[in-house]
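>
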Amino acid sequence: MDKALFEAGIATRKEVLGTDYVGRAFEENALTDEFQKIVTEYAWGAVWSRPDFPRKTRSMLNLAMLTALNRPKELRLHMRAAIRNGVTKQDFVEVFLQTLIYCGAPAANDSFRMAAEVWSEVEAEQANAKPE
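Right, dumping it as C-alpha cells:
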C-alpha cells in the first residue's frame, strides 16, 4: 500500500462523503477491510485527489455513471456527496436529462425520484441544524 495515496484518499473521502460515513465503512467487518483500503488508496487517493479535475465535475460524472449502472445505494451516497461538492439542483436536472437520452427513461426516472428525496432530506437536515 502507498501510504501517501492512502492518506490523501482518506482525507478526500472524508471531505466528500463525510467523516461518519467513512468511519462506519472501516468499522463494518473484517470481510470488507481490504476492500476499504484499496478503494481509499486508488479511487480516493489516486483519482479523486487529482487536482486537475474539480470535485463538482467528478460528482456529476458519478451521478451519470451510477444511473447508467443502476446502482441505487451508491447513487444515493454520491448524491449527498455531489451536494457537498457544489452540485446544484439544476445540475442534477441536467445530468439526469442527459442520462434520459443515453441510459433510458426508467433509469433517469429513478434517479430523478431519488434526487427529489435526497434534496428534501438534505434541506430538512440543514433547516434543523440552524440555530433559532
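If you use our numbering, the sequence shown corresponds to residues 1029 to 1160, in order.
A virtual CB, placed ideally from N, CA and C, is assigned to each residue, including glycine.
(1) DSSP state of Phe-1054, grouped into three classes?
(2) Distance, Cα to Cα, Asp-1119 vs Thr-1127?
(3) Give the straight-line distance between the Cα atoms of Pro-1100 and Met-1142, rounded to the nearest whole angstrom.
(4) What residues in its chain sit with their C-beta under 8 Å from that of Lys-1065, if we drop five residues either side in the sequence?
(5) Pick from Ala-1096, Lys-1042, Glu-1055 and Glu-1102: whose alpha carbon is nearest that of Gly-1073?
(6) In terms of alpha-carbon separation, which member of Val-1146, Glu-1122 and Pro-1079 lies closest to Glu-1102?
(7) Return helix, strand or coil for Asn-1098, following the three-state DSSP convention.
(8) Specify the secondary structure class of Asp-973 as computed by DSSP and reduced to three states.
(9) Quick check: the segment 1088-1098 against the segment 1124-1139, are at least 3 beta-carbon pairs closer than 8 Å?
(10) Am I right that Phe-1124 and Ser-1139 are in contact with their C-beta atoms under 8 Å? What's the rounded C-beta distance?
(11) Who are the Cβ neighbours of Thr-1068 in its own chain at under 7 Å, not counting the five residues just before and after it?
(12) Distance, Cα to Cα, Ala-1058 vs Val-1050?
(13) Tell me the rounded alpha-carbon separation between Ser-1087 and Thr-1047.
(14) Give me, in chain order, the residues of the same chain whose beta-carbon lies closer than 7 Å to that of Arg-1108; leave out the 5 immediate sequence neighbours on both sides.
With the given structure in hand:
(1) helix
(2) 12 Å
(3) 8 Å
(4) Met-1029 and Phe-1034
(5) Lys-1042
(6) Val-1146
(7) coil
(8) Nothing can be reported for residue 973: it is not among the residues displayed for the chain, which extend from 1029 to 1160.
(9) yes
(10) 5 Å
(11) Phe-1034, Gly-1037, Ile-1038 and Arg-1041
(12) 15 Å
(13) 18 Å
(14) Val-1146 and Val-1150
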